[in-house]
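Peer 1:
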Ligand SMILES: NC(=O)c1ccc[n+]([C@@H]2O[C@H](COP(=O)([O-])OP(=O)(O)OC[C@H]3O[C@@H](n4cnc5c(N)ncnc54)[C@H](OP(=O)(O)O)[C@@H]3O)[C@@H](O)[C@H]2O)c1
């Protein structure tokens with residue numbers, strides 16, 4: 004899997020189930036990078052999209068433990084074991100991990116890389132991405148020059164995981180904040 008995220012100086016990613024910043028050029032980058040891909044996300048992230056709708060032309064796999072959460076426009080995984088089964092047919096493809104906070108924290112070490120938009124700003128937040136600069140198994144591979152969008156300065160950086168873990172069978176192995 005490949006994680007894709009936009010973080011600010013504090014690795015903050017969201018507040019009140021919304022994004023922190025409107026970044027038009029980064030949204031285009033996000034659309035290009037995820038086009039035709041298989042996406043994995045938590046139920047709250049799906050609901051944060053416009054109209055709570057899945058992203059078109061992509062396979063949207065959504066994690067939810069709630070048996071009453073049923074929809075026919077997405078694929079639902081009730082736990083990581085089910086997610087693993089659902090991802091079997093896509094082993095040779097780049098599956099994108101879309102967040103949010105809980106899903107990133109649980110699965111980041113199962114990703115081979117992370118595409119991190121770093122916004123040079125800070126804002127009140129209640130959701131965060133793991134700080135990859137502090138995780139010994141992750142290394143920074145590259146960063147673009149500073150770019151501007153929506154009044155913000157940002158760079159897009161790529162991180163690589165030197166020790167990729169398999170998807171957990173049992174979420175008690177993971178799940179905590181790192
Ligand atoms: N800046 C960015 O790039 C970015 C990207 C994505 C999201 N975000 C932000 O992140 C925030 C959302 O993050 P979040 O942590 O609140 O929510 P989330 O991770 O998107 O979704 C949490 C939900 O996913 C389900 N879930 C999580 N782990 C599961 C597991 N092991 N098995 C089954 N279901 C599982 C549960 O759904 P049920 O409650 O239905 O059981 C849980 O309540 C929003 O503010 C959003 O805007 C930002």
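In the working numbering, the protein residues as written are 4 to 181.
The C-beta atom is built at its ideal place from N, Cα and C for all residues, glycine as well.
Per DSSP, residue 185 is paired with what?
Peer 2: Beyond the ends of the chain as shown, which are 4 and 181, falls residue 185; an answer cannot be given.
Peer 1: Could you give the first and the last residue of the continuous beta strand (DSSP E) run that contains residue 18?
Peer 2: Working through the chain shown from its first residue, we reach residue 18 at position 15. Residues 15-18.
Peer 1: The beta strand (DSSP E) with residue 142 in it runs from where to where?
Peer 2: Translated into the one-based positions of the chain shown, residue 142 becomes position 139. Start and end: 141-146.
Peer 1: With a threshold of 16 other CB atoms inside 10 Å of the CB of residue 44, please say whether the residue is buried or exposed.
Peer 2: Here residue 44 refers to the residue found at position 41 when the chain shown is read from its first residue. Flag for residue 44 reads buried.
Peer 1: Residues in the same chain with beta-carbon distance under 8 Å from residue 13, minus the five sequence neighbours each way, listed in chain order, please.
Peer 2: The residue labelled residue 13 in the question sits at position 10 within the chain shown. Within the same chain, residue 13 has close Cβ partners 125, 128, 131.
Peer 1: Measure the alpha-carbon distance for residue 135 versus residue 142 and round it to whole angstroms.
Peer 2: Here the question's residue 135 lines up with position 132 in the chain shown. Here the question's residue 142 lines up with position 139 in the chain shown. Using only the alpha carbons, I get a separation of about 8 Å.
Peer 1: With residue 110 as the anchor, note down where its alpha helix (DSSP H) starts and where it stops.
Peer 2: The residue you call residue 110 lines up with position 107 of the chain shown. Per DSSP, residue 110 belongs to the alpha helix (DSSP H) from 104-110.
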